[in-house]
Amino acid sequence: MNEMAKYRLQVEEAVTFLQTRLTNQPEIILVLGTGLGALADHLDHPQTIAYEDIPHFPRSTVASHAGNLIFGQLGGKQVAALQGRFHYYEGYSAKELTFPVRVLSLLGAETMLVSNAAGGLNPAHAAGSLMVIRDHINLIPDNPLRGENIDAWGVRFPDLSATYDQELIAQTLACADKLGITKMESGIYVAIPGPSLETPAETRYLRQIGADAVGMSTVPEVIVAKHAGLKVLGISVVSNVNDPDNQQPILLEEIIAQTEQTAAQLVRLILELFKEL
Ligand code: HPA
Numbered sequence: 036m037n038e039m040a041k042y043r044l045q046v047e048e049a050v051t052f053l054q055t056r057l058t059n060q061p062e063i064i065l066v067l068g069t070g071l072g073a074l075a076d077h078l079d080h081p082q083t084i085a086y087e088d089i090p091h092f093p094r095s096t097v098a099s100h101a102g103n104l105i106f107g108q109l110g111g112k113q114v115a116a117l118q119g120r121f122h123y124y125e126g127y128s129a130k131e132l133t134f135p136v137r138v139l140s141l142l143g144a145e146t147m148l149v150s151n152a153a154g155g156l157n158p159a160h161a162a163g164s165l166m167v168i169r170d171h172i173n174l175i176p177d178n179p180l181r182g183e184n185i186d187a188w189g190v191r192f193p194d195l196s197a198t199y200d201q202e203l204i205a206q207t208l209a210c211a212d213k214l215g216i217t218k219m220e221s222g223i224y225v226a227i228p229g230p231s232l233e234t235p236a237e238t239r240y241l242r243q244i245g246a247d248a249v250g251m252s253t254v255p256e257v258i259v260a261k262h263a264g265l266k267v268l269g270i271s272v273v274s275n276v277n278d279p280d281n282q283q284p285i286l287l288e289e290i291i292a293q294t295e296q297t298a299a300q301l302v303r304l305i306l307e308l309f310k311e312l
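Counted the way the numbering used here counts, the sequence shown spans residues 36 to 312.
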């Protein structure tokens, strides 16, 4: 069997496994990034399934990421929350790390909301702000759609001219306004392979190519979601702002501490947004 036929079979086995355990089909996928797993505590009627119990699901190797798929309701919507995500730097290919998003899209989800922790590149943004993603730049040297295309899943050359849903962006910004969240930005997210952080020269380069924030995730998942025809919303927690002319060490402990501090705001924002979806 070729690689793609094998992958397809694995996806289909995971879909079948989940279908036998779910009473409702998910409408919205929530991808919870670094420090943001707490959002899952807000789901009504949660049903938790460990990644390791789902056939062919990848395993989280990062301590700051749990490994649970949690089904439940939020604002009356059926939600599937990925508590703990996978990264290219862990050694997964883009196709492997997007396995959960492909599975959930085939279970019927129509929208994906993805969050991450990111480093700020725009000097006008402050640490602890939230940034709605307007567009992205992919610098991860892999694409989840590389290889044979499965036409039943999506087209060979998916259009990414309007990747992030304009209406969801506008609703998010309006909700932030309503909640009095002042450190609310919007901008371009660039995905780097990691795990090493940026040199000052790389920070300067990433800013010059048009990015406002940098991280090591999100873009592969977004590509699969668009291939599958989902509406996408992305929000970054800007955990640190990198100034290439005065570069400070970027420490994981600080990233996680700042993200957790800001996560409460992101949770409020998402709960408000769900009232309007
Ligand atoms: N760079 C890359 N990824 C990150 C950063 C950063 O500064 N902060 C949080 N995730």
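Think of the CB as a built atom: it goes at the ideal place given N, C-alpha and C, for glycine as much as any other residue.
What you are looking at is a predicted structure, and each value in this text was computed from that prediction instead of being measured.
Under the DSSP assignment, residue 220 falls in the beta strand (DSSP E) whose first and last residues are 219-226. For residue 235, the secondary structure class from DSSP, reduced to helix, strand or coil, is helix. Within the region 87-145, the complete alpha helix (DSSP H) segments at least 4 residues long are 129-132 and 134-141, listed from N- to C-terminus.
Here residue 193 has 261 and 262 as same chain residues with Cβ atoms under 6 Å from its own Cβ, once five neighbours each way along the sequence are excluded. When 49, 63, 293 and 68 are compared, the shortest CA-CA separation from residue 251 is found for 68.
Apart from the 5 residues on each side of it in sequence, residue 121 sits with its Cβ closer than 6 Å to the Cβ of 93, 127 and 132 in its chain, given in chain order. In the DSSP assignment, residue 190 forms no beta bridge with any residue. The C-alpha of residue 37 is placed about 44 Å away from the C-alpha of residue 304.
In the structure shown, residue 39 adopts helical secondary structure according to DSSP, grouped into three states.
By DSSP's assignment, residue 170 forms a beta bridge with 223. Restricting attention to 159, 254, 206 and 306, the CA atom closest to the CA of residue 176 is found in 254. Between residue 152 and residue 272, the beta carbon gap of about 5 Å places them in contact (Cβ cut-off 8 Å). With respect to the 8 Å criterion, residue 187 and residue 293 are not classified as neighbours on the basis of their beta carbons. Taking 8 Å as the cut-off, the Cβ atoms of residue 77 and residue 302 count as close. Counting of Cβ neighbours within 10 angstroms places residue 64 among the buried residues, the total reaching 16 or more.
Only buried fits residue 103, as 16 or more other CB atoms lie within 10 angstroms of its CB. By the beta-carbon neighbour count (other beta carbons within 10 angstroms, threshold 16), residue 219 is buried. In the DSSP assignment, residue 212 falls within the alpha helix (DSSP H) that extends over 201-214.
Counting the other CB atoms within 10 Å of its CB gives residue 80 a total below 16, which places it among the exposed residues. The region 274-281 and the region 138-154 touch, with no fewer than 3 CB-CB distances between them shorter than 8 Å. With a threshold of 7 Å, the Cβ atom of residue 66 does not count as near the ligand HPA, since no heavy atom of the ligand is closer than that.
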